[in-house]
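Residues in the sequence shown are numbered from 71 upward in steps of one, following my numbering. Glycine included, C-beta positions come from ideal geometry on N, C-alpha and C.
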Amino acid sequence: NQKSCCLFPADDLSATETLKELTICVSLKRNYTTEWRAFVYKAPKNAQIELGLGGKGPQITVWMFGRQWNFLKWLKMNEWYSICLTWSSRVRRLRVYINGMVQLESPLYPNLPLWLAGNGTLTLGASHYVAANNEVRPESGSNLLGEIGLFRMWSRERRAAELLGLGCTDGDVVSWDQRQWKNTCPPEMFLCHSKGM
Numbered sequence: 071n072q073k074s075c076c077l078f079p080a081d082d083l084s085a086t087e088t089l090k091e092l093t094i095c096v097s098l099k100r101n102y103t104t105e106w107r108a109f110v111y112k113a114p115k116n117a118q119i120e121l122g123l124g125g126k127g128p129q130i131t132v133w134m135f136g137r138q139w140n141f142l143k144w145l146k147m148n149e150w151y152s153i154c155l156t157w158s159s160r161v162r163r164l165r166v167y168i169n170g171m172v173q174l175e176s177p178l179y180p181n182l183p184l185w186l187a188g189n190g191t192l193t194l195g196a197s198h199y200v201a202a203n204n205e206v207r208p209e210s211g212s213n214l215l216g217e218i219g220l221f222r223m224w225s226r227e228r229r230a231a232e233l234l235g236l237g238c239t240d241g242d243v244v245s246w247d248q249r250q251w252k253n254t255c256p257p258e259m260f261l262c263h264s265k266g267m
């Protein structure tokens, strides 16, 4: 879980360059009704959000390839939710699951890319920008005021039944491992069986 510590990947994200499908899952709990970002991935030298998840009020927003999709789902305060995104370039489809239930299923526009831009920057709990010195810095105004944990990314589109049984399964692109993240958080936050997850 994350409260006030920002997380950045320590390893580079070059593996994303070849991704033609993916699954991302994250656990989060909101403590306030403010605008929030669960995660944001940006391609090199691009201010647009390449891939991300956030929300404001009852609206949840998913970003992919600079486009955004919105849907309504009220996330109760102080409750844990597991949110997963799946995408496949083969079937050109985006799905969003909350606690194992499909909340959004959308075809992707034919003109969108067939793979995710590689070597980008990823932050959890906040959006970010890359400063002139290449330092990743969080943007203010949309920080997740709450807790976040178990962020993982896999290199294939997982089925709904698989998502329900993931448990503590590590991602093969990004795993929830303290060694993979630059952070100012206590080691116990990286434990899989933290409360509510």
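Near Pro183, what residues of its chain come up, given a Cβ to Cβ distance below 7 Å and the 5 sequence neighbours on each side ignored?
Phe135, listed in sequence order.
Would you call the region 90–103 in contact with the region 219–238, where contact means no fewer than 3 C-beta pairs closer than 8 Å?
Yes: the two stretches touch, three or more of their Cβ pairs being nearer than 8 Å.
Kindly indicate which three-state DSSP category Glu120 falls into: helix, strand or coil?
Glu120 falls in the coil class under three-state DSSP.
Work out the CA separation of Gly195 and Gln118 for me, nearest whole Å.
For Gln118 and Gly195, the distance between alpha carbons rounds to 17 Å.
What residue range does the alpha helix (DSSP H) around Glu232 cover?
Looking at the DSSP string, the run of the alpha helix (DSSP H) that includes Glu232 is Ala230 to Leu234.
Going by DSSP in three states, Thr103 sits in which element: helix, strand or coil?
Reduced to three states, the DSSP call for Thr103 is coil.
Are the region 202–211 and the region 159–175 touching by the rule of at least three beta carbon pairs closer than 8 Å?
No, because fewer than three Cβ pairs between the region 202–211 and the region 159–175 fall closer than 8 Å, the two stretches do not touch.
Buried or exposed: Leu89, going by 16 or more other Cβ atoms within 10 Å of its Cβ?
By the 10 Å Cβ count, Leu89 comes out buried.
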